[in-house]
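As structure tokens, the structure follows; a few thoughts come after it.
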């Protein structure tokens, strides 16, 4: 390669190799990563967990954990060699030229110091005097669109919401006016509405500063809406690279194709088709991968892929791919059509009437659920959506009897009223209603084997004994595509997807009528999520199980749900058939939720941003509880009277003062899907 | 319940497997090996003390206050008894008393911590206040009170120290239980109608066995120390009893006169045993938390 005077790149990573020392043996995680980020450019890295995205980001600033070693390659930031910097040089470099924002803002801030002390310190470290630093701190917070910086500075981190914390962290990261800003999953722990605001902020800041951005995210929609270029990583290599929009619209590597097809997109619904899944699992770190890294999971792999490592193919338009068979990408088949699944109009199995739940905390009463009426039919999926703190999980827990609802609430199962607490309910009711939790690590007893976990649930819920239990466990496992080998393993020996299968198997141990799924796929990668969603849909089609499905991912809800209920401050604001809710007209809150989500297919045209945080349920706003954040707020009406919960069209209920015809007229809906 | 018998068997074999793995990890730690060797030495001394001791530990057969030398390695005490023989034989008492104290206090503390931490409510409050009350009284005061009223027989000493240690174990266990009870597997167990007893003993207990085992070893170390302190403070016991704390208590007033050996050697014996037990405890802690 001839060396011409290259333009100074904000970040240039060349053939980077990183290994982690695990039990004394170096295990390679990055196997030759190369990419560059131009000045002022936003570059995204995507891929499933374990593919090396975060390691790349940490290596770029030499922030690798103690057992991480750069074993080869070269990193430079703004033309400066980072690979061989001394500790002193690195400190100076990190203070002035590059900054990093982590996933969890709560742990990036010191809980015992006021925001004031922390933000001011970043400026005194840059050599400013005390008063000057304090002024800079105020200016920095103003820059990240914190309306009342003086007040925020006086607070401790825990007194701020997640979105506000992340703003403070970003303000500190920008203090030195860095050339390079590395954002590692900056919005992953935040609500979609808050995420949208933080992303807007980063976009605005980008146009103000000239910082280059390296953005790590597992959410492809976020990358698409934020980045100029994107690198798709797999097993420690960048397998495809190019302008973000083109890569997502016209992927040229089988892995990218797989990632994109795993997502429920274009309003896909379980009744129409299954989701695509990538077969197999990511190779272990340090595993030998002599040829193409993706070969074992690739649907179009040939003998050539197994013998010759694919070269980096330039496609033109700044795009590259690491594949022998770019011309055969079109052969990758869509997922098969799922026959015989659909919303069956069954009998009502669960009926909630006036269900309320009030928590008491140091003398205050906090109404977390307020007179919720809902019904669930056999074989139906009810999607529950809303920001965190809206009461979704409380509702699910009240249904299951984990929290007893307030007196006066009635929960009827097949016409029989149920006791408030699960312990007071008959075994039959326990068998009929089970739960799948968000985090399988917490949901499975780590000192029990899979066989014991399932065996105990079967024994307890069905009353079977001895060999019958064993047979049922084996049946259950094979149904969930767990092999007999898995039965003798402990949860920690299983991957995240397998653990969630075990948790689902446990919920289905007694052939339940109703399963509550609380964000069952949010801790999982997209390809694993697709497999779990397919599984849930299949189980439902076979057994006519009804689901209450809680999720913040609207595309997932749209895929699985037959009806959707939107919650805000413990109240149901809108409920209706899934297709009706996604088509509109909507309650203004639903409208805002729908517009907050960046998708891989581009952003919806109308962008409604919810300002501020969800109000405290202890002190709900007067009139319509949503009026403080509503973009269609009518003064003198919404803040005084609470709107009734009315049927606006058959099967579609809403709690809004604005007549539905008016909503229909003003909500010029951007097509969220084709 | 016969239906669940086979899953219980399975659980037992799993626990055996895990124990084997942890043992393999332990043997690779130098700190554990050193601690174990010191402990082994004292166990041998305790078991074969009479046979190993060069002289009768109870007979006043030498010149009093002889400094350490070729005949009496550790010198002789104010009654002309061989200190080396007395230290060797003294291991027996400690090695019976300390583990007993640890086992009793850890069992009691686990029972209380598990109950209070899982059931919460009024019971938690009552147990908590009671434990705090015990913790708030200085060890030496309780010790003096008990020893002067009930005497210094072994069961009294064991019972007293075990009672003093129970609140500390209780606190560790309760904290661990509180964290475990937040996890969804506990919710799941409740949803399928498991009894509180089952959830406490079968679901939660195996997951907090790490801190409990660590507490057990740490308590052995402290028990050696505390028993010796009580014996020293009480100054009681039979004058001819060969017990380390006792030996120190009866001879420390000789130090200003230049006779340091009857005091220092039993003190070093206590120190070596406490260090050995702590080395072992630390290794076990490291293995459990890795």
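Protein chains in written order, with the numbering used here: chain V, 1 to 674; chain X, 1001 to 1290.
Just so it is clear, CB atoms sit at the ideal spot from N, CA and C, and this is done for glycine as well.
A quick note: this is a predicted structure, and the numbers were derived from the prediction, not measured.
Distance from the CA atom of residue 190 of chain V to the CA atom of residue 1207 of chain X, rounded to whole angstroms, is 31 Å. Spanning the alpha carbons of residue 280 of chain V and residue 1167 of chain X requires a straight line of approximately 51 Å. At a C-beta separation below 7 Å, residue 27 of chain V has no neighbours in chain X, since its nearest C-beta there lies roughly 18 Å away. Among the CB atoms of chain V, one or more fall inside 7 Å of the CB of residue 1207 of chain X.
Its chain contains 187, 222, 225, 226 and 598 as the residues whose beta carbon lies nearer than 8 Å to that of residue 199 of chain V, once the 5 sequence neighbours on both sides are disregarded; these appear in chain order. Taking a C-beta cut-off of 9 Å against chain X, none of the residues of the stretch 566-583 of chain V qualify.
When Cβ-Cβ separations below 7 Å define contact, residue 544 of chain V makes no contact with chain X.
Note on residue 393 of chain V: 16 or more other CB atoms within 10 angstroms of its CB, so buried under the neighbour-count rule.
Between residue 1032 of chain X and residue 1101 of chain X the beta-carbon gap is near 22 Å, outside 8 Å, which marks them as no contact. Using a Cβ-Cβ cut-off of 8 Å, residue 439 of chain V is close to 1184 of chain X, given in chain order.
Residue-level contact check: residue 445 of chain V touches chain X, since one or more beta carbons of chain X fall below 7 Å from its beta carbon. For residue 375 of chain V and residue 350 of chain V, the gap between their C-alpha atoms comes out near 6 Å.
For the alpha helix (DSSP H) assignment, the uninterrupted runs of no fewer than 4 residues enclosed by the stretch 464-523 of chain V are, from N- to C-terminal side, 467-479, 484-487 and 496-507. Annotation: Cβ neighbours of residue 1192 of chain X in chain V (cutoff 7 Å, chain order): 430, 457, 460 and 461.
Using a 10 angstroms sphere on the CB of residue 1141 of chain X, the tally of other CB atoms stays under 16, which defines it as exposed. According to the DSSP assignment, residue 547 of chain V belongs to the beta strand (DSSP E) that extends over 546-550. For residue 1203 of chain X, a Cβ of chain V is located within less than 7 Å of the residue's own Cβ.
When DSSP states are grouped into helix, strand and coil, residue 1177 of chain X belongs to the helix group.
Between residue 634 of chain V and the set V:608, V:612, V:613 and V:588, the nearest pair of CA atoms involves V:588. Beta-bridge pairing by DSSP links residue 654 of chain V to V:574 and V:646. With a 10 Å radius around the Cβ and a threshold of 16 neighbouring Cβ atoms, residue 304 of chain V comes out exposed. For residue 293 of chain V, the closest alpha carbon among the candidates V:551, V:323 and V:577 is that of V:323. Closest option to residue 1078 of chain X, judged by alpha-carbon separation, among X:1263, X:1201, X:1088 and X:1130: X:1263. Note on residue 1083 of chain X: 16 or more other CB atoms within 10 angstroms of its CB, so buried under the neighbour-count rule.
Cβ contact annotation for residue 1259 of chain X (same chain, cutoff 7 Å, sequence separation greater than five): 1065, in chain order.
Residues of chain X whose Cβ lies closer than 7 Å to the Cβ of residue 434 of chain V are, in chain order, 1191. Around the beta-carbon of residue 1040 of chain X, fewer than 16 other beta-carbon atoms lie within 10 Å, marking it exposed. Nearest to residue 96 of chain V by alpha-carbon distance, out of V:124, V:637 and V:70, is V:124. From the beta-carbon of residue 376 of chain V, no residue of chain X is found nearer than 7 Å; the closest lies around 17 Å away. Following the DSSP letters along the chain, one finds residue 35 of chain V in no alpha helix (DSSP H) but inside the beta strand (DSSP E) bounded by residues 25-37.
When DSSP assignments are scanned along the stretch 79-156 of chain V, the uninterrupted stretches of beta strand (DSSP E) that are 3 or more residues long and fall wholly within it turn out to be 98-101. Non-local beta-carbon contacts of residue 602 of chain V in its own chain, meaning distances under 6 Å to residues more than five positions away in sequence, are absent. The alpha-carbon of residue 1284 of chain X is positioned some 13 Å away from that of residue 1219 of chain X. Between residue 616 of chain V and chain X, the shortest Cβ-Cβ separation is not below 7 Å. Put simply, of V:315, V:382, V:361 and V:372 the residue whose alpha carbon is nearest the alpha carbon of residue 348 of chain V is V:382. Pairing residue 256 of chain V with residue 232 of chain V gives a Cβ-Cβ distance under 7 Å.
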